[in-house]
Amino acid sequence: KQEVTQIPAALSVPEGENLVLNCSFTDSAIYNLQWFRQDPGKGLTSLLLIQSSQREQTSGRLNASLDKSSGRSTLYIAASQPGDSATYLCAVGDTNAGKSTFGDGTTLTVKP
Amino acid sequence: TAGITQAPTSQILAAGRSMTLRCTQDMRHNAMYWYRQDLGLGLRLIHYSNTAGTTGKGEVPDGYSVSRANTDDFPLTLASAVPSQTSVYFCASSPGQYSPLHFGNGTRLTVT
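Chains as they are written, first to last, in the numbering used here: chain A, 1 to 112; chain B, 1001 to 1112.
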């Protein structure tokens, strides 16, 4: 069974800092990996999708990388802003199950 | 605005009562999903449908049923609610089984 872990569970940084969020998974047979943002009391907003054949994806200040062989993905946020404060979740598309498995998320606080 | 509509936004339900959570998407996506999100347990898949007319069980299907009579609608029914079903329920869809996920804004359900 695919297991997805996100470390740290919570992170607090000053505004302007560059930061990295981690997502690790136990089974490398994946078809994609998706990073989401969730604001308190809201739904999940897709940030970046990496297909299994890709190594990274970029959108604005966000860059996500994927290393299937080591079972890891990172989400890099450049020049963090208070508006980036949210919970970030990764979802691993498990080829064997045909479904996505979610990590528990990292709650990010960016202090002004 | 295209996307997924969930109703109601929130509900308080007495234990033993039945309830149907509604989910409608206008993106003509083939696959639809129901997740529940609980603190400390993350997002867990309840039921899914890869295409209209078919459904399948996810990780935590007990106490829930679904139907997929057409492409757009994927209702989730609690036949006899119990307090452990207190949760936030998210409906999601994707173009296909191995495609990125799109989420609704969720239904917050409290069973008393």
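We treat Cβ as the ideally placed atom computed from N, Cα and C, and that holds for glycine.
Note that this is a predicted model, so its numbers are computed, not measured.
- Just so you know, the alpha carbons of Leu1039 of chain B and Val20 of chain A end up roughly 23 Å apart.
- Under the three-state reduction of DSSP, Pro1100 of chain B is assigned to coil, being neither helix nor strand.
- Identification of chain B residues near Gln34 of chain A by a Cβ-Cβ cut-off of 9 Å yields Pro1100 and Leu1101, ordered along the chain.
- With at least 16 other beta carbons inside 10 angstroms of its own, Gly1106 of chain B counts as buried.
- DSSP, read as helix, strand or coil, puts Gln1085 of chain B in helix.
- Contact with chain B is absent for Tyr88 of chain A, since none of that chain's Cβ atoms lies less than 7 Å from the residue's Cβ.
- Within chain B, no C-beta atom comes nearer than 8 Å to that of Tyr76 of chain A; the closest sits roughly 20 Å away.
- From the listed residues B:Asp1073, B:Thr1071, B:Gly1053 and B:Thr1077, the smallest Cα separation to Asp1062 of chain B is found for B:Thr1077.
- No Cβ of chain B is located within less than 7 Å of the beta carbon of Asp84 of chain A.
- In this structure, Val1082 of chain B and Gln1037 of chain B do not form a Cβ contact; the two beta carbons are roughly 18 Å apart against a cut-off of 8 Å.
- Rounded to the nearest angstrom, the gap between the Cα atoms of Phe36 of chain A and Cys1091 of chain B is 15 Å.
- Neighbours of Ala91 of chain A in chain B, taken as residues whose beta carbon is under 7 Å from its own, are Leu1101 in chain order.
- Note on Leu1041 of chain B: under 16 other CB atoms within 10 angstroms of its CB, so exposed under the neighbour-count rule.
- For Gly98 of chain A, at least one C-beta of chain B is nearer than 7 Å to its own C-beta.
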